[in-house]
Every structure is written in C-alpha cells, then in structure tokens.
Amino acid sequence: MINTTFAVDPANIPAVKRWLAAQDDPQGQLRSIDIDEILIGPGVLLDLPFVLQRAGVTPGSKVLMVVDETPMLREDVDLKRFVRDLLYVAGYYETTCHLENDEYGLVHAEFQDVEGLLWGLEPGTALIALGSGTVTDIAKHAAYLYDQQHPEQPRMVYICIPTANSVTAYAANMAVLLKDGVKRTLPSRYPTAIISDLRVLASAPKAMTLAGLGDCCARFVAYGDWYLASVLGLVDFYSEVPLALLNNLDTILLEAIPGIGQRSHRGEAIVARALLLAGIAQSVVDMSAPISGTEHVTSHMLDMIAYHHHRGLALHGAQVGVATLTAARLYQNFLDNFDPEAVNFDSCYPKYEQMQMRIYRLFQPVDPTGAMAEECWSDYCRKLTLWYQNRALFEQFCQSWQSIHRPKIASLVRPPNVVHQLLSQAGAPLTAQELEPPISQEEFDFAVNNGHFIRARFVLSDLLYFLGW
Ligand SMILES: [Zn+2]
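So this is what it looks like as structure tokens:
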C-alpha cells in the first residue's frame, strides 16, 4: 500500500520550479533547475520524437546516440534497435557512438571518452544518452564542454534516457569522472529532457534497481556529514532545501518495497522519482553533499582499489548501500558515545607533514607512480587547513554538543535499523561479501577507515580520525 508522497513530482517540472521558488533562500544561493521536461510512464519512450521537436530539433536533423556494449531489452524487444527505429521512422538521421567496455564488461567514466565524444558533435546535432550512470556522465559532460566551447550557439539539446533505475546521475547537473585514477565530481549540465520509460526500467536486471535504492539511502547519513562540515567551518554553504525535497524518503521507499520486489511499474516509478529528485536535490545547491558523504568516499575508495587490482567493480549503488549501513552504525555509535569532556584538543590537530606522509604511504601500494597520492593530497590539504583554522568552532561544537548538535544530527540521519530494513526487505546486499564481485571485509574496512583521505569534503570519518577513534 502506497500512501506517502514526495514533496513534489519530478515529472511535473513546472511544479518543481514553483516549489523551489517558494523555498526560503535569503541569500539567493539556490540554483535554478534547467530541465525542460521529465516524462515518467510505461510508454513514454514513444514520445522521444515529440520531445526532440519540443526542444527545437526538427525531423531531418542529426542525432548522436551514445550507448555502451551492454545488451538491453524493453520487455522482449531489443532496446537500442527500438530507439533507432523510432528515430528513423520519425525522420531523424541517427548515428551511434559505442563506448567500449573493458575486459570486465564495464565502461569507466574517463575523460578521454568525453573528449572522444566531443569530437563527433556538430552544430545542430542532438545528443541522446541511452544507458545508465557511466554513459550518462560521459554524454552529459561532452554536451557541457561543447556548450562551453561554443558560447555563440544555442545550448546543445541533450536527452537522457535512463536504462536502469541505478544511480542519481540522470537529473544532476554534475558528472563523476576519473582524474588520475581518482573519482571526482565536476560541474556539468542538466539534460534538456529525461525520458524514464517504466517498461525499460523494469526490464533492467533487478540488481540495478536495488543499486538505485542503495544510492538513495546515502541521504540517510550524508546529511549528517554536511551539517558537521558546516558547523565545524569546513564548508560555507548549508541548506535544508534538498532535505525538504527528499522529505519522507525512508517511508516512501519502505512502502514501495513490495512493488520493487515484483518489478511492478509502480515500484520502478517510485525509485525513478526518488533518484531524479536526489539528482535535483544536489544540483539546486550545486554540490553533491546532500547525498554524498562517508558512504560515497568509501565506495570511491573501493573502486580505486578494484582498478588497481584489475578487478571488475560492484554496482555503485549496491556498494553505497552497504557503506551507508556502516556509516549509519558509525553515526549511532558517535551519537551514543561521544563525550566532549574527554576530548584532548591538542591531539586532534595532526601536523601537515605527518598527514602528507600518511597519504603518500596509503596510496603507494595502490599507485606507485604517486599521481593518485598527489591528487588526493592536493584536495585533502585544503580540508586540513580549514580544520586548523576553525579550531574555535570545534571547541564551541563540543560545548553545545548535548544541547544543540547531538539532537540536530540525530534528526538528520536515520538509524542503522531503518537502512537495514530497507535494504534487507528489498533483497539488496547488506555486506561487502554479498556484493558482486564480493569484496573482502579487510578491504572494505580499509576503505571505510581511509576513504576520507581522498577528497576535500569533510565527513564523519574525518572527525572520528581527528578524535583518534
Ligand atoms: Zn551515488
């Protein structure tokens, strides 16, 4: 039985824009949502030619479709062929760009793929991403760079057709790409339109929808991280508008679990809406913080280790789900046991040289060239500088822990039993060993303990590290 509803329906973009305009934003920090339309429904893929026409791309125009090598179905029909035929019949000149899978059957979001795609773009060509996270990130960023390089031309029409309910990337105006082997979130752009066809989404492997559920779960811990970073002076912007946009997310997802299990259109529609709103939630504040904290740095670290060992990667959202469960347990432990009176402040400020050495030693086995350590340190040292500079804020934080911060953080994060209930009832992986391919507990623990060294974003594990926990 589904009773609870989202704050606003992402398939009604005018309503989403009105909702955003009605939010409190005294300093004008919220960004506009530059998506023209989002279609969600069992047959909306058939509207693709009309979506192109509404975006000003008339029949006879060129369309470049980006896909990977994964075979895809829409029920019992070959999906890529279906889309090609649809465009052909409507009078478009379609060419396909095939991103090559690696030996493990995966495409990585590398900068060179973005640049390769950029070469094939011409004025007046529309770009269609028909794929999941990586295809979306590559196509989106190529469209973004094209727009940057051609400011005199109208914004490129870029249509996103998600082929799985697996990640929050579709509606987000940022892209995650590899830089020196390290995952980085870069400013990018919104799609002109998103076509979430429920027949397509329900035909993807179930593990992908479960991964999408895992990626959404990040919200239940990441908000605590963002709040911590804000009160400790590690980030200068904090807003609860994304939180309001994802209001009741735990209840909505829990109610949808039976439908998700049956792969019903209704269940897929809920996950699709949650993922699209999560993408919009990060975009309106121009940072991934509302849905990316300790759990995402853990997942990124696991990916970096897997690249190093030339292993296939587990699905991003499945990994994030498992890491969210761990992060929720860390939060519970912190809320239950943190005693500000016992803090030895002097020991919370390790020296620069000590931290630099630590990071170089940490990444030496993963990347002996030192490029990865260099990339991580360049980001981490900015965080360390802010941590030193804002010692007074940490002292105030400790003084008002019981009266202000403890109850506030408890209201922002969800307890581990809620995350566990969501993942377990859906049948999603709960431990690193249940991931595909499985990850050893030792490697997972390493990623949990060290993920916070890879980037500038301050998360709970940074605080736990400085506290010597
Ligand atoms: Zn994610």
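Going by the working numbering, the final residue of the sequence shown carries number 826, and the count climbs one at a time with no gaps.
All C-beta atoms, glycine included, are put in the ideal place defined by N, C-alpha and C.
From a predicted model like this one, the values you see are computed outputs, not experimental measurements.
In this structure, valine 642 has its CB at a distance of at least 6 Å from all heavy atoms of ligand 1.
Using a Cβ distance threshold of 7 Å, serine 545 and tyrosine 501 count as a contacting pair.
At least one heavy atom of ligand 1 is found less than 6 Å from the C-beta of aspartate 572. For valine 677, the CB falls within less than 6 Å of some heavy atom of ligand 1. DSSP, reduced to helix, strand and coil, places glycine 398 within a strand of the structure shown.
Membership of alanine 663 in the alpha helix (DSSP H) is indicated by the continuous run 651-665.
If the five residues before and after threonine 655 are omitted, its C-beta is found closer than 6 Å to the C-beta atoms of Ala680, Ala804, Val805 and Gly808, all from its own chain and listed in chain order. The distance from the Cβ of alanine 564 to that of alanine 675 is about 7 Å, consistent with a contact at the 8 Å cut-off.
Where leucine 769 is concerned, the enclosing alpha helix (DSSP H) starts and stops at 763-769. Around the beta carbon of tryptophan 826, fewer than 16 other beta carbons sit within 10 angstroms, so the residue counts as exposed. Just measuring C-alpha positions, the residue of Asn690, Asp572 and Arg718 sitting nearest alanine 785 is Asp572. In this structure serine 553 is in contact with isoleucine 395, their Cβ atoms being roughly 7 Å apart against a cut-off of 8 Å.
Of all alpha-carbon atoms in Asp494, Glu612, Pro773 and Tyr515, the one lying nearest the alpha-carbon of proline 480 is that of Tyr515.
DSSP places serine 553 in the uninterrupted beta strand (DSSP E) bounded by 550-554. Arginine 431 carries a strand assignment under DSSP once its states are collapsed to helix, strand and coil. Going by beta carbons, glycine 636 and glycine 624 fall outside the 7 Å limit. Here the alpha carbons of serine 645 and aspartate 736 stand approximately 16 Å from one another. Just so you know, the alpha carbons of isoleucine 766 and glutamine 756 end up roughly 15 Å apart.
Under the criterion of beta carbons closer than 8 Å, proline 399 and leucine 591 do not qualify as touching, at roughly 45 Å. When only Cα atoms are considered, lysine 740 and glutamate 793 end up about 33 Å apart. DSSP places arginine 668 outside both helix and strand once states are collapsed to three, so it counts as coil. If you draw a straight line from the Cα of alanine 368 to the Cα of valine 557, it is about 17 Å long. Leucine 543 and threonine 452 have their C-alpha atoms roughly 27 Å apart.
Methionine 729 carries a helical assignment under DSSP once its states are collapsed to helix, strand and coil. Burial is judged here by how many other beta carbons sit within 10 angstroms of a residue's own beta carbon; valine 434 has fewer than 16 and is exposed.
If you draw a 10 Å sphere on the C-beta of asparagine 694, you find fewer than 16 other C-beta atoms in it, and that means exposed. Scanning Val423, Leu632, Asn530 and Gly417 for the CA closest to the CA of threonine 566 turns up Leu632.
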